[in-house]
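Here's the structure we're looking at; comments come further down.
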Amino acid sequence: MEKIASFTIDHMKLKPGIYVSRKDPVGKEVITTFDLRMTSPNDEPVMNTAEIHTIEHLGATFLRNHPVFKDKTIYFGPMGCRTGFYLLLAGDYTSRDIADLVKEMFAFIRDFRGEVPGASPKDCGNYLDMNLGMANYLADKYYKEVLENITEDRLVYPE
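Under this note's numbering, the residue at position 12 of the sequence shown is numbered 4, and the numbers go up by one with no gaps.
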């Protein structure tokens, strides 16, 4: 059986960044899948489910309300390895094209206070598994260490 594309990336060289994971034609449109890598795989501790769940709720809410990208957002959700998130957008984009969007989203998550959108038993199947404080902290860390002054080596997968 052939390896899927994401398993061909050398995770020992991968650092936090914004990467194009794949581009898929769907009808006349292209869906671009981004790898928003927040931690260094196999090097740093992975994120816990509570903060990942909180980032997912906040990020999805932000994207689906964004004036430009709300109708282009297909999906935002966590990677199974808990080292980052996938963002799927309708359109043919590069990592540089969405760097400002990702900065804006993580600033929103970093600065968010109050009740997490969708964190109720009526709205979510696991609403108690949330950690806003850690979500704020991790968003701030990703923003300061990666997004604020993102370099080309954090926008293209390592060879």
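Where a beta carbon is used, it is the ideal one built from N, C-alpha and C, also for glycine.
>> So if DSSP puts leucine 80 in a beta bridge, which residue, or which two residues, is it bridged to?
In response: Within the sequence shown, residue 80 is the residue found at index 88, counting from 1. DSSP output for leucine 80 lists Thr25 and Tyr67 as bridge partner(s).
> Can the beta-carbon of leucine 6 be found closer than 8 Å to that of proline 150?
Replying inline: By 1-based counting over the sequence shown, the position of residue 6 is 14. By 1-based counting over the sequence shown, the position of residue 150 is 158. With a cutoff of 8 Å on beta-carbon distance, leucine 6 and proline 150 are scored as near each other.
>> So for alanine 72, helix, strand or coil by DSSP?
In response: Working through the sequence shown from its first residue, we reach residue 72 at position 80. Strictly speaking, residue 72 in this sequence is glycine, with alanine absent from that position. In the structure shown, the three-state DSSP call for glycine 72 is coil.
>> Could you tell me the alpha carbon to alpha carbon distance between phenylalanine 98 and cysteine 116, rounded to whole angstroms?
In response: If you number the sequence shown from 1, residue 98 lands on position 106. If you number the sequence shown from 1, residue 116 lands on position 124. So the alpha carbons of these two residues sit roughly 22 Å apart.
>> Quick check on glycine 9: buried or exposed, where buried means 16 or more other Cβ atoms within 10 Å of its Cβ?
In response: For the purposes of this step, residue 9 is taken as the residue at position 17 of the sequence shown. With 16 or more other Cβ atoms within 10 Å, it is buried.
> How should leucine 55 be labelled, buried or exposed, when 16 other C-beta atoms within 10 angstroms of its C-beta is the threshold for buried?
Replying inline: By one-based count along the sequence shown, residue 55 stands at place 63. By the neighbour-count rule (16 or more Cβ atoms within 10 Å), leucine 55 is buried.
> With burial defined as no fewer than 16 other Cβ atoms inside 10 Å of the residue's Cβ, what is the status of asparagine 128: buried or exposed?
Replying inline: Against the sequence shown, residue 128 aligns to sequence position 136. Buried, because 16 or more other Cβ atoms sit within 10 Å of the Cβ of asparagine 128.
>> Threshold first: 3 residues or longer. Then list the beta strand (DSSP E) segments lying entirely within the region -7 to 39, N to C.
In response: 9 to 18 and 21 to 29
> How close, in whole Å, do the beta carbons of tyrosine 85 and threonine 25 come, if the pair is a contact with beta carbons under 8 Å?
Replying inline: By one-based count along the sequence shown, residue 85 stands at place 93. By one-based count along the sequence shown, residue 25 stands at place 33. About 10 Å separates the two Cβ atoms, so there is no contact after all.
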